[in-house]
Amino acid sequence: MNGRRPLFETLSDIASGLMDATALGPVHARSIDLNLPLDIRLPVAGGDLMGDLPLFRMRTAFDTEPVRLHMVLQEVLL
-11 MNGRRPLFET LSDIASGLMD ATALGPVHAR SIDLNLPLDI RLPVAGGDLM GDLPLFRMRT
49 AFDTEPVRLH MVLQEVLL
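So for the sequence shown, this note's numbering puts the first residue at -11; every next one is plus one.
Structure, rendered in structure tokens:
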């Protein structure tokens, strides 16, 4: 096992954690703009696309560079 989560789980955890944190505080954020490094692994034999935050701060010459994900979470009132 590689210890990495599927990309949809990572993004869901980040979004729900941010929205929960802003709902509890005295300030209510209506929009959050993120630029995150992600380690992406292609799916193997029909599996999920793996994507998680990097495990280490320092990288070696053997490690691939993380991709950058730009994500904007915005509250929509219906």
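Yeah, the Cβ is synthetic: ideal placement off N, Cα and C, and Gly gets one too.
Beta-carbon proximity of residue i to residue j, cut-off 8 Å
i	j	result
L37	L24	no
L119	G35	Since the first residue of the chain shown is -11 and the last is 66, residue 119 is not available in this structure.
R(-8)	R29	yes
Minimum C-alpha distance to residue i - residue among the options
i	options	result
A17	A3, I28, D27, H58	A3
P(-6)	V32, D8, P14, D51	V32
Residue i - DSSP class collapsed to helix/strand/coil
i	result
L30	coil
L(-1)	helix
L6	helix
H16	coil
G39	strand
M46	coil
Sequence-distant residues of its chain with Cβ nearer than 7 Å to residue i (five each side left out)
i	result
A49	none
Chain-order list of residues whose beta-carbon lies under 6 Å from that of residue i (same chain, five-residue window excluded)
i	result
I20	L6, L61
M59	L22
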